[in-house]
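Okay, so here's the structure we're looking at.
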Amino acid sequence: MPNEPSMMPADSHGAVELGALASGQVSGQETVSSEAQVGLNAPLVVQVSEENFQDLMANSTTVPVVIVMYSSSQLESKPFVASMEDLARDYAGRFQLATGDVDASPQIAQAFQVQGVPAVVALMNQRPLPLFQGIAPKDQVRPIIDQVLDAGAQMGINGRIAVSEEDTAAPIPPAHEAPLAAEEAGQLDEAIALWEKVLDLNPKDEAAKAHLARVRVAARSASADASDPAARADALFTSGDHEGAFDLLLKIIATADDTEAKDVARLRLLDLFRVAGNTPDVMKARMVLSTLVLV
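With the working numbering applied, the sequence shown covers 7 to 301.
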């Protein structure tokens, strides 16, 4: 088994085989009933092993099974596996994802004749079909998954994994567990400190930035001074008047003589932007803020 991953971009490899299979042109392949089968009681994401391999084969007669073979010794493989798990959650049970570590289960890789990792294979009606080899972003993988699902539908393999909201929710990163627990306990100052530590370790964690902004707003609202214009902006925001909150803070930035007051208003405005998300009100206010900063 090669140690270096093949960086060949994802393409439509396997599409011809899928089309032939769906149209019944593959020798010895029989299609199953086209009657919809739903609610298969199986994990949405599972680690493939010798013990559960026959279960996956059986599942593939009801729902397409996508198998990702990877090496735990390759750091490059881990984000790709996580990306495939995200896709499985996005598709909400339309296919089952199985991940296989070739270092732990080399016999599985041999069974699929995998020459390099990561490699992605589909199981359709107990028949393995190679899809692609290499690391690819989700926007390249989605069309391939769609081809698998289309072929499965033509074959009558159109069931679903019975999933819950918990199954389809993105997993909570371990670093987020402590600050989220502090929030839940109402310890807002502690939560702020913990979120700041998360961002010290990973400044690009956009989810942590949004959480920190939200907790800051909540903490400020809990001890707000009604005479403080910036506090009134927080109150407007929490009441749902985002545009009013933005306008008030922009006015402070534009007219305040005190540099510190301007900085406080700007930082609060950025917090509110992160909490609100990329809405039309946010985009409009960002444009005004950019103009004020350049003045």
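All residues carry an ideal CB built from backbone N, CA and C; glycine is no exception.
* Asked: Which runs of the alpha helix (DSSP H) spanning at least 4 residues fall entirely within the stretch 52–85, listed in chain order?
  -> 59–65
* To do: Using the DSSP secondary-structure output, state which residues sit across from A128 in a beta bridge.
  => Indexing the sequence shown from 1 puts residue 128 at position 122. According to DSSP, A128 bridges with V72 and L135.
* **Closer than 8 Å to chain D by CB, A262** => Going by chain labels, chain D is absent from the structure shown, which holds only one protein chain.
* Collapsed DSSP secondary structure at D253 in the structure displayed -> Sequence index remark: in the sequence shown, residue 253 carries index 247 (1-based). Shown here, D253 sits in a helix according to DSSP, grouped into three states.
* To do: Identify every run of the alpha helix (DSSP H) within the stretch 168–251, keeping only runs that are complete inside it and at least 4 residues long; order them along the chain.
  => 171–174, 180–190, 194–207, 212–228 and 235–244
* Whole-angstrom distance between A117 and Q31, CA atom to CA atom -> Taking the sequence shown and counting its residues from 1, the one referred to as residue 31 is at position 25. Taking the sequence shown and counting its residues from 1, the one referred to as residue 117 is at position 111. Residue placement at Q31 is flagged as unreliable, the pLDDT there being 43, under the threshold of 50; the coordinate-derived value follows with that caveat. Approximately 24 Å, taken between the alpha carbons.
* **Distance between beta carbons of L50 and L137, contact taken as under 8 Å** => The residue labelled residue 137 in the question sits at position 131 within the sequence shown. The residue labelled residue 50 in the question sits at position 44 within the sequence shown. Actually they are not in contact, since the Cβ atoms of L137 and L50 sit about 19 Å apart, beyond 8 Å.
* Asked: For V72, is the beta carbon positioned less than 7 Å from some heavy atom of the ligand COA?
  -> As far as ligands go, the structure on display features none, and thus does not contain the ligand COA.
* **Inter-residue spacing [alpha-carbon to alpha-carbon] between E41 and G162** => Position 35 of the sequence shown, counted from the first residue, corresponds to residue 41. Position 156 of the sequence shown, counted from the first residue, corresponds to residue 162. Low per-residue confidence applies at E41: pLDDT is 45, beneath 50, and the placement is therefore not dependable, though the value from the model is reported in the following sentence. The straight-line gap from Cα to Cα measures roughly 6 Å.
* **Spatial distance of G158 from D152 (CA atoms)** => Here residue 158 is taken as the residue at index 152 of the sequence shown, counted from 1. Here residue 152 is taken as the residue at index 146 of the sequence shown, counted from 1. Each residue's Cα considered, the two are about 10 Å apart.
* Is Q119 helix, strand or coil when you go by DSSP? -> To locate residue 119, count along the sequence shown from 1; it is residue 113. Note: Q119 maps to coil in three-state DSSP.
* To do: Leaving aside the five residues before and after D195 along the sequence, list all residues of the same chain whose C-beta is less than 7 Å from its C-beta, in chain order.
  => The count along the sequence shown starts at 1 and reaches residue 195 at position 189. Here the set comprises A225.
* Output the distance between the C-alpha atoms of Q121 and N284, rounded to the nearest integer angstrom. => Start at 1 with the first residue of the sequence shown, and residue 121 comes out as number 115. Start at 1 with the first residue of the sequence shown, and residue 284 comes out as number 278. Roughly 43 Å between the two C-alpha positions.
* Asked: According to the neighbour-count rule (16 or more other Cβ atoms, all chains shown, within 10 Å of its Cβ), is D231 buried or exposed?
  -> As a working mapping, residue 231 is identified with position 225 in the sequence shown. Only exposed fits D231, as fewer than 16 other CB atoms lie within 10 angstroms of its CB.
* **T37 versus S55: straight-line alpha-carbon distance, rounded** => What you label residue 37 is simply residue 31 of the sequence shown in a count that begins at 1. What you label residue 55 is simply residue 49 of the sequence shown in a count that begins at 1. In this prediction, T37 scores a pLDDT of 42, lower than 50, which makes its location untrustworthy; the coordinate-derived value is nonetheless stated afterwards. Those two C-alpha atoms are separated by around 26 Å.
* Asked: Just checking my contact of L278 with L295 at CB under 8 Å: how many whole Å lie between their CB atoms?
  -> For the purposes of this step, residue 278 is taken as the residue at position 272 of the sequence shown. For the purposes of this step, residue 295 is taken as the residue at position 289 of the sequence shown. Wrong, their Cβ atoms sit about 11 Å apart, outside the cutoff.
* **Cα-Cα separation between K290 and D156, rounded to whole angstroms** => Translated into the one-based positions of the sequence shown, residue 290 becomes position 284. Translated into the one-based positions of the sequence shown, residue 156 becomes position 150. Taking the straight line joining both Cα atoms gives about 41 Å.
* Given a cut-off of 8 Å, decide if V69 and Y76 are closer than it, judged by their beta-carbon atoms. => Mapped onto the sequence shown, residue 76 falls at position 70. Mapped onto the sequence shown, residue 69 falls at position 63. Their beta carbons are not under 8 Å apart, which means Y76 does not touch V69 by this criterion.
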